[in-house]
Every structure is written in structure tokens, then in C-alpha cells.
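Everything on this sheet refers to the single structure shown next.
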Amino acid sequence: EIMFASGSSGAFTRLVCQPFDVLKIRLQIQSGGKSSLYRSGADLIREEGLRGLWKGHSSAQILSIVYGLGQFGVYGCLSKQFNDSSGLTTFAIGNAAGLTATLFSYPFDVVRTRLVAQRLKSNYRGTLDAFVKIGGSDGKILFRGFLPTLLSQMPYSGFQFFFYKFFFSLWRDFLGDESSGTLFWSGSTVCSVLSGLTSKLIVFPLDTVKKQMQVSGFSNYGGHKRILPTVVYLWKSGGLRRFYCGLTPGLLKAMATT
1 EIMFASGSSG
11 AFTRLVCQPF
21 DVLKIRLQIQ
31 SGGKSSLYRS
41 GADLIREEGL
51 RGLWKGHSSA
61 QILSIVYGLG
71 QFGVYGCLSK
81 QFNDSSGLTT
91 FAIGNAAGLT
101 ATLFSYPFDV
111 VRTRLVAQRL
121 KSNYRGTLDA
131 FVKIGGSDGK
141 ILFRGFLPTL
151 LSQMPYSGFQ
161 FFFYKFFFSL
171 WRDFLGDESS
181 GTLFWSGSTV
191 CSVLSGLTSK
201 LIVFPLDTVK
211 KQMQVSGFSN
221 YGGHKRILPT
231 VVYLWKSGGL
241 RRFYCGLTPG
251 LLKAMATT
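Heads up: the sequence shown is residues 1 to 258, going by full-length UniProt numbering.
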């Protein structure tokens, strides 16, 4: 039941939040790092229409479903196994859930990023075509950027569950008994938003590094295939601020999906 609920909720939130993700990725992979959210969105709609806001949606849907099944399935199983609600245990179980989900869903992440990155001149006709072409040229590309993803997604998943429990405990302490239906649902929503925001702020720079690596050598994008050269490149092109390009749509997406 947990896995079905997480998979279906992941699919629905992906449908709603895909435009935020498309804009975030476009801002993260831009060469100069100086385009604003408004300008990036306006250019995308002018060049590709409203459909452009849902580019890569099929692969993104599969990514969300697979990741949701893995994350909440593993988290639910391990939570029952250990039966310990302490903050450290919650963080560790969340990390394990994030690792498992990332491992199985990552190739869809790479395909989604490349589909979003391509502009009017398309290299791929869709998700299946992208898998066939990438696998035929160099299958290792499907896991390019996996290390920074691992370094970010494991703690991100752990932080999500940890901060949710932390904020929800504060909510109960200050506003009353959690048994109240209105209090429970309003508190759950507020704490989910706060946990998503906090977690995303912590790991966002690594997500930008990952996106740069995923499109390296693709179409007209330059970039690097390894972490350190990518970090140096981003720093030289805009300092710390460059690592947070696309943060606004990223936070909006994090609030909704969490």
C-alpha cells in the first residue's frame, strides 16, 4: 500500500511540477549562468510553446514512479524492521531509501535532463529513442553524474524525513494534540513544505554539478565529465551564486513534491 501510494503520488506531482523542473534544469545548464527565471521561461515559451514546459515528461514520470516506489518502499520496510523513531535512525533509514531509489531510477534522470536540454534541433525523438541512442553510443553516459547524485540524494532523502519529524514535533508541542484532524493535516502540509525547502537548500549545489555533468558533450553544451573540473568551471563562471542557478523553481518544486 505504501509503495502504491508513493508511486501514484509521485506521478501526479510530477505532472503538476514538471514546468518547475524544466526551468530549473535550463537555468542550471546554461553556459553563462546569468539568465533570469523570467527570461528563461519567456524564451522557452516563445521558441517551443507551452508544450516546452513539459519536455521530457515521459522519462520524468518513470523517474518519479521508480524513485517513489524505491524510496518509500525501502523506508517503510526498514522503519518496521528497526522500530526506532529517533532522529539519527530516521536519517539513516532515509539515506538507505534514497540510495536504493537513486540507483534504480538514475538512467531516467539522465535521459530526462538531455530531453529538457535539447532545443528546437532535436537529437532525440523521445524517451525510448534517447535510451537506444545513448546505449548504442556509450552506455556509461546513463550513469554520468551518478557520484554527485549519490552525495546529494542520500542525505537529501534523509534530511527530508529527519526535518519532517523535527518540524512536526515542534508543531505538536506549540499548537496542541496531533489527534485533531485539522491540526494533523495542516501540520503535515506545513512541515512537508519546510522539510522540502530546508533539504533542497542544503544539497542544491551538488544537483547543479550533476546536471552539468549529465549534458557534458551533448549538443552544443560543453562541460566536464568529472566532479572536480565541473566544480572549478562553475566557480569560475559565477562563484557560489552559480551553484544556485535555478534555485527558485527548484524550491517551488521541492515544496510541492515533498
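A virtual CB, placed ideally from N, CA and C, is assigned to each residue, including glycine.
Practice problem: For residue 189, count neighbouring Cβ atoms within 10 angstroms of its own Cβ and tell me buried if that reaches 16, exposed if not. | Solution: Classification for residue 189: exposed.
Quiz prompt | Same chain, Cβ closer than 8 angstroms to residue 28, five either side skipped, listed in chain order | solution = So the list reads 207, 208, 211, 212, 245 and 246, once near-sequence residues are dropped.
Quiz prompt | For residue 87, the three-state DSSP class (helix, strand or coil) | solution = Residue 87: helix per DSSP, three-state reduction.
Self-check item: the region 90-99 in contact with the region 110-122 per 3-pair CB rule at 8 angstroms
Solution: Here the region 90-99 does not lie against the region 110-122, with fewer than 3 beta-carbon pairs under 8 angstroms apart.
Practice problem: Measure the beta-carbon distance from residue 253 to residue 55 and round it to whole angstroms, keeping in mind my assumption that it falls under 8 angstroms. | Solution: That belief does not hold up - the Cβ atoms of residue 253 and residue 55 are roughly 15 angstroms apart, past 8 angstroms.
Quiz item: Straight-line CA distance for residue 169 to residue 228?
Solution: Their backbone Cα atoms lie some 39 angstroms apart in a straight line.
Self-check item: contact_flag[the region 150-160, the region 194-201] where n(CB pairs < 8 angstroms) is 3 or more
Solution: By the criterion of at least three beta-carbon pairs nearer than 8 angstroms, the region 150-160 is in contact with the region 194-201.
Self-check item: 3 or more residues per run - each beta strand (DSSP E) lying fully within the UniProt repeat "Solcar" (1-81)
Solution: Counting whole runs of 3 or more residues, the UniProt repeat "Solcar" (1-81) contains no beta strand (DSSP E) stretch at all.
Exercise. Using the Cα positions of residue 234 and residue 105, report the straight-line distance between them to the nearest angstrom.
Key: Roughly 26 angstroms between the two C-alpha positions.
Quiz item: Leaving out the 5 sequence neighbours to the left and right, which residues in its chain are closer than 7 angstroms to residue 151 when beta-carbon positions are compared?
Solution: Take residue 151, set aside five residues on each side of it, and the residues of its chain with a beta-carbon closer than 7 angstroms to its own are 206, in chain order.
Exercise. Give a yes or no on whether the minimum CB-CB distance between residue 150 and chain B is below 9 angstroms.
Key: The chain labelled as chain B is not found in the depicted structure, where only one protein chain is given.
Quiz prompt | Pair within 9 angstroms by beta-carbon distance, residue 58 and residue 126 | solution = Yes, the pair counts as a contact, with Cβ atoms nearer than the cut-off.
Quiz item: DSSP state of residue 215, grouped into three classes?
Solution: Here DSSP, grouped into helix, strand and coil, assigns residue 215 to coil.
Quiz item: To the nearest angstrom, how far is it from the Cα of residue 88 to the Cα of residue 255?
Solution: Distance from the CA atom of residue 88 to the CA atom of residue 255, rounded to whole angstroms, is 23 angstroms.
Quiz item: Can you round the beta-carbon distance between residue 100 and residue 70 to whole angstroms, since I take them to be within the 8 angstroms contact cut?
Solution: Yes, residue 100 and residue 70 are in contact; Cβ-Cβ is about 5 angstroms, under 8 angstroms.
Quiz item: Rounded C-beta distance between residue 13 and residue 257? I'm assuming under 8 angstroms.
Solution: Yes, residue 13 and residue 257 are in contact; Cβ-Cβ is about 5 angstroms, under 8 angstroms.
Exercise. In angstroms with no decimal places, state the Cα-to-Cα distance between residue 17 and residue 79.
Key: Cα to Cα, the separation comes out at about 29 angstroms.
Self-check item: With 16 other Cβ atoms within 10 Å as the buried cut-off, status of residue 236
Solution: Burial call: exposed.
Quiz item: Leaving out five residues before and five after residue 143 in sequence, what residues of the same chain have Cβ atoms less than 8 angstroms from its Cβ?
Solution: Residues of the same chain with a CB within less than 8 angstroms of the CB of residue 143, apart from the 5 flanking positions on each side, are 106, 107 and 110 in chain order.
Quiz prompt | Exposed unless 16 or more other CB atoms sit within 10 angstroms - verdict on residue 185 | solution = Under this definition residue 185 is an exposed residue.
Exercise. Following the continuous alpha helix (DSSP H) through residue 140, name the residue where it begins and the one where it ends.
Key: Premise fails: residue 140 is in no alpha helix (DSSP H) and is neither H nor E.
Self-check item: Proximal residues to residue 156 (C-beta, below 8 angstroms), its chain only, five neighbours per side dropped
Solution: Closer than 8 angstroms at Cβ, skipping near neighbours: 98, 199, 200, 202 and 203.
Quiz item: Nearest to residue 22 by CA position, among 48, 145 and 83, is which residue?
Solution: Out of 48, 145 and 83, the CA that lies nearest to the CA of residue 22 is found in 48.
Quiz item: Can you round the beta-carbon distance between residue 9 and residue 68 to whole angstroms, since I take them to be within the 8 angstroms contact cut?
Solution: Indeed they touch by this definition, with Cβ atoms about 7 angstroms apart.
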